[in-house]
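K.L.:
Structure follows, in structure tokens:
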């Protein structure tokens, strides 16, 4: 029997490092966040960081890999849960609007990585995988029409960039409406 004063098991250093990197890279940017800051937030030494990740590039790639896993699960859930292509697209844009409204939106981590660390081969692999996943999932949302999926993804990306640069919240709604209108457009 454990005593009521027993401490909870400590989260492994690697997990704490990934959590800290995820928060800092997303909120403050990859280039603005040094490994010392990640280690400090994770409450580990810099040596512990390098025992778990050979380089900052490896940490960035793992951060993006975790983000890809989460984004894939989210888009798969939309495709499972929403009954119509219109509802699927609406759900995708509504989540973006909610994130903006609640102050959780700091841009797309994959777009940020493409801009901040284009020289990182490992990061760019994750960026390309994310883009391919988005096209695949949106194509499923709209019944397999890849050309429409590409246009819808461009509208979604544009809405994210517009929001990051100070556009009004109605921008997301207009991008959503244009995406839904594309569904009724003949091939």
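In my numbering, the protein residues as written are -14 to 172. The beta carbon of each residue, even a glycine, is placed where N, CA and C say it ideally should be.
#1: Give me the Cα-Cα distance between residue 91 and residue 12, rounded to the nearest whole angstrom.
#2: Near residue 122, which residues of its chain fall below 6 angstroms by C-beta distance, leaving aside the five closest residues on each side in sequence?
#3: Using the three-state DSSP reduction, which class does residue 155 fall into: helix, strand or coil?
#4: Run the proximity test for residue 14: is its beta-carbon closer than 6 angstroms to any non-hydrogen atom belonging to the ligand COA?
#5: Extract the residue ranges of the alpha helix (DSSP H) inside the stretch 50 to 95, only unbroken runs of 4 or more that lie entirely within it.
#6: In three-state DSSP terms, what is residue 164?
#7: Any contact between the stretch 82 to 91 and the stretch 99 to 106? By contact I mean 3 or more CB pairs, one from each, below 8 angstroms.
#8: Please list the terminal residues of the continuous alpha helix (DSSP H) segment that includes residue 131.
#9: Thinking C-alpha only, which one of 24, 114, 161 and 67 is nearest residue 137?
#10: Tell whether a beta-carbon distance below 7 angstroms holds between residue 64 and residue 125.
#11: May I ask you to report which of helix, strand or coil DSSP gives residue -5?
#12: Closest to residue 170 by C-alpha separation, out of 132, 152 and 139, would be which residue?
P.N.:
Let's see:
#1: 6 angstroms
#2: 60
#3: Helix, per DSSP.
#4: No copy of the ligand COA occurs in the structure displayed, which carries no ligand at all.
#5: Whole alpha helix (DSSP H) segments, 4+ residues: 70 to 86.
#6: helix
#7: Too few Cβ pairs lie closer than 8 angstroms, so no.
#8: 131 to 149
#9: The option with the nearest alpha carbon to residue 137 is 161.
#10: yes
#11: Here residue -5 sits in coil by DSSP.
#12: 132
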